[in-house]
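At position 54 of the sequence shown the residue is numbered 54 (my numbering), and the sequence of numbers has no breaks.
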Amino acid sequence: MGAAQKVVIITGASQGIGAALVKGYRDRNYRVVASSRSIKQSSDPDVLTVSGDVADPKTAERIVSQALERFGRIDTLVNNAGIFIAKPFTDYTDEDYANALATNLNGFFNVTRRAASEMEKQGSGHIVQITTSLVDHANSSVPSVLASLTKGGLNAATRSLAIEYAKKGIRVNAVSPGAIKTPLHGPETHEFLANLHPVGRMGEIRDIVDAVLYLEGASFVTGEILHVDGGQSAGH
Ligand SMILES: NC(=O)c1ccc[n+]([C@@H]2O[C@H](COP(=O)([O-])OP(=O)(O)OC[C@H]3O[C@@H](n4cnc5c(N)ncnc54)[C@H](OP(=O)(O)O)[C@@H]3O)[C@@H](O)[C@H]2O)c1
């Protein structure tokens, strides 16, 4: 296809929200670079898969260089790869801390820095983080400070980058989900998690994909933390 066909990088694309985002962007005729540690090759010629740990700068290097080599441009980056470790504060281990920062923060930094540099050259782009609504409403039944520490950092970085890039044609947004029905949550937890939301249900993967695709087309929206959380951030 011609140079106008857009290209999106999606991290954490092997399952859950990331895998659904691949389909959502393909349905909009984007070419997709899909990455995760265990991702399998795709039979779709417009989906390039790059396997590796997003916390490793070499993975980020490969994601961006292969995206450019194969598709020639980068229009959107969705920083979706992430881990969630919920524990009382003093139960967290050094390893939990290192893993949460490596995946959620180093992963964001490694890929975004390289992709943004290409977007700057193009004079256009869109960067979206998937964070968590728990940043804005800590819940005594789900202690998870490492999620707040890392995803809260991403919310802050979203606003900061949105301003830094506002006049350069690059928008930066985040989607802040409540508990979503993905492989992250075993079915035995669903009733408990549903009751944490004012609307009385968990979110569906489609709810997050719709929010990201809304932001994709929302040319006047930047620096937004879009809560898709069944009312959690509004109150209880
Ligand atoms: N589900 C929820 O309730 C919920 C709520 C709020 C926020 N979120 C956020 O939404 C995002 C997606 O969540 P999900 O529920 O779809 O999670 P998931 O089903 O556990 O999927 C996580 C994805 O991230 C990849 N990943 C994890 N660690 C990685 C690493 N070090 N390097 C590269 N890829 C890595 C996994 O693939 P590999 O194992 O192949 O690497 C997988 O594709 C995460 O950032 C999560 O924090 C989810």
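Ideal Cβ placement from N, Cα and C applies to all residues, glycine included.
(message) On the CB-based measure, 16 or more other CB atoms within 10 Å of its CB, does N79 come out buried or exposed?
(response) buried
(request) For D210, verify whether its CB is less than 7 angstroms away from any heavy atom of ligand 1. (result) no
(message) What would DSSP say about G203, mapped onto helix, strand or coil?
(response) strand
(request) Have a look at S117, K121, G123 and G153 and flag the residue whose alpha-carbon is nearest the alpha-carbon of L134. (result) G153
(request) With hydrogens ignored, establish whether the beta-carbon of R37 is closer than 7 angstroms to any heavy atom of ligand 1. (result) yes
(request) Tell me whether the beta-carbon of V128 lies closer than 8 angstroms to the beta-carbon of V54. (result) no
(message) Checking the sheet assignment: what are the DSSP bridge partners for S176?
(response) H227
(request) Compute the minimum distance between the beta carbon of N80 and the heavy atoms of ligand 1, and state whether it is under 7 angstroms. (result) yes
(request) Could you tell me which residues DSSP puts in a beta bridge with R31? (result) V7
(request) Go ahead and label S65 buried or exposed: buried means 16 or more other beta carbons lie within 10 angstroms of its beta carbon, across all protein chains shown. (result) exposed
(message) Measuring only from the beta carbon, is F192 closer than 7 angstroms to any heavy atom that is part of ligand 1?
(response) no
(request) Would you list, in sequence order, the uninterrupted alpha helix (DSSP H) runs of no fewer than 4 residues that lie entirely inside the segment 61-142? (result) 94-100 and 107-122
(request) Select from S14, L105, R31 and V22 the residue whose C-alpha is nearest the C-alpha of Q244. (result) In the structure as shown, the chain begins at 1 and stops at 236. Residue 244 is therefore absent and cannot be evaluated.
(message) Suppose the cutoff is 6 angstroms on Cβ atoms and the five residues either side in sequence are ignored; what does the same chain contact list for P183 look like?
(response) Q15 and G16
(request) Using the DSSP secondary-structure output, state which residues sit across from I17 in a beta bridge. (result) None; I17 has no bridge partner.
(request) Rounded to whole angstroms, what's the CA-CA distance from M1 to A179? Just pull it up for me. (result) Note that M1 has pLDDT 43, beneath the 50 cutoff, so the model's placement of it is unreliable and the number below is only indicative. About 38 angstroms.
(request) For the beta strand (DSSP E) holding L48, just list the boundary residues, first then last. (result) V47 to S51
(request) Could you tell me whether the Cβ atoms of V7 and V33 are closer together than 8 angstroms? (result) yes
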